[in-house]
Ligand SMILES: [Zn+2]
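Residue numbers (the numbering used here): 6 to 295.
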């Protein structure tokens, strides 16, 4: 299962080594907010990343501090203000390393991730349609297919489905999240439940087959010694039914004789017991008396 906070902290720990990538990642962070000189976020890791990227690029940045303007949601945003930063247009990013870094920044800055019953879903929430289009095009260049939609005046680039989200995680270098996602903890739980059921079924089947074998051997023994003909009609009927249907389970045998399951069980157990009683004292005697 992919956990959004785990994913964001994994992304925040990735420190691009090259200035071009740092620059692109910072641009991605700012892009989402539509604010060229600051980052506003609910997420501490994201705020720290903005400060670290800026200072690595020699851009002055304030430490993360609580946002001064009250937020509509009433949640506590953090704000980082940068001195100056002219971000490039994301669609102008030439190098694959920079496209990756930009998307990672955007993912940190604006994405929400959910794993509803309808499947995994990632959304980038942007200020205007133009930004949404540019981000979608940038993703498409890296073989991640996103859709566009509008919700409450916000423009959303969304990714749906296992495949696209795995591609996004691979692109942004979220390797641990990708591994969790692809091994699919959720899927695994379902599979192991199915396996447990199948194993239980198998075990039941095994028991049924072994019981039938014991009964057939007992009946053959009783028959061979002539005892079978001397048994009560009920037991003889049960023996005949078992011989006629070696693979049937108790329910099947009982219903074809029109008796209860426990009566059938009792008769078959009795046959096995009688054969056992016959066999135990008889074998030494047989070798002496013939
Ligand atoms: Zn780069």
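C-beta: ideal position from N, C-alpha, C; glycine also.
All figures in this text were calculated on a predicted structure; none of them were measured in a lab.
| Check | Outcome |
| --- | --- |
| DSSP state of residue 90 mapped onto helix, strand, coil | coil |
| C-beta atoms of residue 243 and residue 269 nearer than 8 Å | yes |
| heavy atom of ligand 1 below 7 Å from residue 103 C-beta | yes |
| One or two residues paired with residue 119 in a DSSP bridge | 126 |
| Whether residue 32 touches residue 44 by CB criterion (8 Å) | no |
| Helix, strand or coil at residue 162 according to DSSP, with G and I counted as helix | strand |
| Through-space distance from residue 82 to residue 65, alpha-carbon basis | 20 Å |
| Reference residue 262, options 278, 235, 172, 245, closest by Cα | 245 |
| Residue 49, buried or exposed, once every other Cβ within 10 Å from all chains shown has been counted against 16 | exposed |
| Cβ-based burial, residue 119 [other Cβ within 10 Å; buried from 16] | exposed |
| Cβ-based neighbour list, residue 17, same chain, cut-off 6 Å, excluding 5 preceding and 5 following | 50, 54 |
| Proximity below 8 Å, CB of residue 27 to CB of residue 58 | yes |
| Spatial neighbours of residue 266 in its chain, beta-carbon cut-off 7 Å, leaving aside the 5 residues before and after | 255, 256, 259 |
| Cβ pair count under 8 Å reaching 3, the segment 127 to 144 against the segment 101 to 112 | yes |
| 8 Å contact criterion, which residue 251 and residue 223 should meet: CB distance rounded | With 8 Å as the limit, residue 251 and residue 223 do not qualify as a contact, their Cβ atoms being about 13 Å apart. |
| Residue from 235, 227, 152 whose Cα sits closest to the Cα of residue 277 | 227 |
| Whether residue 187 touches residue 171 by CB criterion (8 Å) | yes |
| Opening and closing residue of the beta strand (DSSP E) in which residue 151 lies | It is not in any beta strand (DSSP E) - residue 151 carries neither H nor E in the DSSP assignment. |
| Straight-line gap, residue 67 to residue 98 (C-alpha atoms, nearest Å) | 27 Å |
| The alpha helix (DSSP H) enclosing residue 51, as first and last residue numbers | 49 to 61 |
| Contacts around residue 134, its chain only, beta-carbon distance under 6 Å, and the 5 residues preceding and following it disregarded | 160 |
| Residue of 275, 273, 177 minimising C-alpha distance to residue 30 | 177 |
| Same chain, Cβ closer than 7 Å to residue 240, neighbours up to 5 away in sequence not counted | 272, 275, 276 |
| Residue 138 Cβ short of 7 Å to ligand 1 heavy atom set | no |
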